[in-house]
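In case it helps, the working numbering puts the sequence shown at residues 9 to 136.
Think of the CB as a built atom: it goes at the ideal place given N, C-alpha and C, for glycine as much as any other residue.
Bear in mind that the values here come from a model prediction, so they are computed numbers and not experimental data.
A short write-up of the structure that comes next.
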Amino acid sequence: MKVIVFEHIGITINEESDIQAFYKDLLGLKEINKFDLFDDLSEKIFGISNTVPVSLFSNDDLLIELFLTDKKQKQVYNHICISVKNRDDIIKKATSMGFPVTKIKRESKDYLLFIKDNSGNIFEIKSQ
């Protein structure tokens with residue numbers, strides 16, 4: 009098993025027509041889910057206090073989350089999701105190296121985990 013596995017990429021789009029024309033017709037991706045990312049969770053993860061519709065697409069090898077906004081944003085929902093064998097280890101390592109770590113409690117015992125690099129790129133960390 010690989011130490012790190014890429015799970016999905018999240019990107020911000022502001023043209024709803026791109027969903028059909030670009031992601032479905034051009035890239036051949038299949039839409040597998042739609043949901044709303046509500047403002048409270050959006051604020052905790054991305055620092056953006058807006059509810060945003062999200063469409064999840066796949067080609068069997070990669071998942072792409074499309075965050076649909078009504079205009080071009082200075083702050084965006086772009087992120088990369090990876091999975092690791094032990095999230096506690098990566099939390100300790102990131103903290104010791106000075107990278108910002110965000111843990112968000114969920115209703116279940118699990119939690120959401122995000123680490124930012126020094127350029128502000130957001131990495132969502134899941135368990136393998």
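Would you list the one or two residues that DSSP bridges to residue i?
i, result
"Thr-20", "Phe-75"
"Glu-132", "Cys-89 and Phe-122"
"Ser-63", "Lys-42 and Leu-74"
In this structure, how does DSSP classify residue i when only helix, strand and coil are distinguished?
i, result
"Leu-37", "coil"
"Tyr-85", "coil"
"Glu-51", "helix"
"Ile-12", "strand"
"Lys-80", "coil"
"Asn-116", "Rather than Asn, the amino acid found at residue 116 in this sequence is Ser. Three-state result, Ser-116: coil."
"Ser-127", "coil"
Kindly give me the distance between the Cβ atoms of residue i and residue j, rounded to whole angstroms, as I take these residues to be in contact under 8 Å.
i, j, result
"Ser-66", "Gln-136", "19 Å between Cβ atoms; not a contact."
"Gln-83", "Ile-56", "5 Å"
"Val-60", "Leu-45", "5 Å"
"Leu-121", "Lys-113", "The pair is not a contact, with the Cβ atoms about 11 Å apart (cut-off 8 Å)."
"Asn-94", "Leu-64", "At roughly 26 Å, the Cβ-Cβ gap does not stay under 8 Å, so Asn-94 and Leu-64 are not in contact."
I'd like the span of the beta strand (DSSP E) that includes residue i, first residue to last.
i, result
"Ile-112", "109-113"
Return the first residue and the last residue of the alpha helix (DSSP H) that residue i is part of.
i, result
"Ser-57", "Ser-57 -> no alpha helix (DSSP H), and no H or E assigned at all."
- If we count Cβ pairs, one from each stretch, closer than 8 Å, do we get three or more for the stretch 122-136 versus the stretch 77-94? yes
- Below 8 Å, can you find three or more Cβ-Cβ pairs linking the stretch 9-28 to the stretch 70-80? They touch, by the three-pair rule.
- Query: Pairing CB atoms from the stretch 42-50 with CB atoms from the stretch 21-32, are three or more of them under 8 Å?
  - Reply: no
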